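Working notes for the structure below.
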């Protein structure tokens, strides 16, 4: 399944790329793309795993930039 989420406070394209790489490593994630310009996360994930993926994705985003957030 593919779903889009708004993001907040992603400060640079390099940070967005690091976040993408970390989110892609989460079990159940097929692909992830973060647009620094539009502040959006596009997440391709296995059905039924979203409730497990989102909190882990937020942890990984916070490791790159403590102020960045996935709004869900």
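In my numbering, the protein residues as written are -5 to 66.
The beta carbon of each residue, even a glycine, is placed where N, CA and C say it ideally should be.
Quick caveat: nothing in here was measured; it's all calculated off a predicted structure.
Other residues of its chain near residue i: CB distance less than 7 Å, five sequence neighbours each side excluded
i: residue 48; result: 64, 66
i: residue 30; result: 4, 6, 7, 10
Which residues DSSP lists as bridging residue i, in chain order
i: residue 25; result: 38
With 16 other Cβ atoms within 10 Å as the buried cut-off, status of residue i
i: residue -4; result: exposed
i: residue 10; result: buried
i: residue 57; result: exposed
i: residue 14; result: buried
i: residue 51; result: buried
i: residue 60; result: exposed
Coarse secondary structure for residue i, derived from DSSP in three states
i: residue 46; result: helix
i: residue 52; result: helix
i: residue -5; result: coil
i: residue 31; result: coil
i: residue 20; result: coil
6 Å CB neighbourhood of residue i in its chain, flanking five on each side removed
i: residue 16; result: 54
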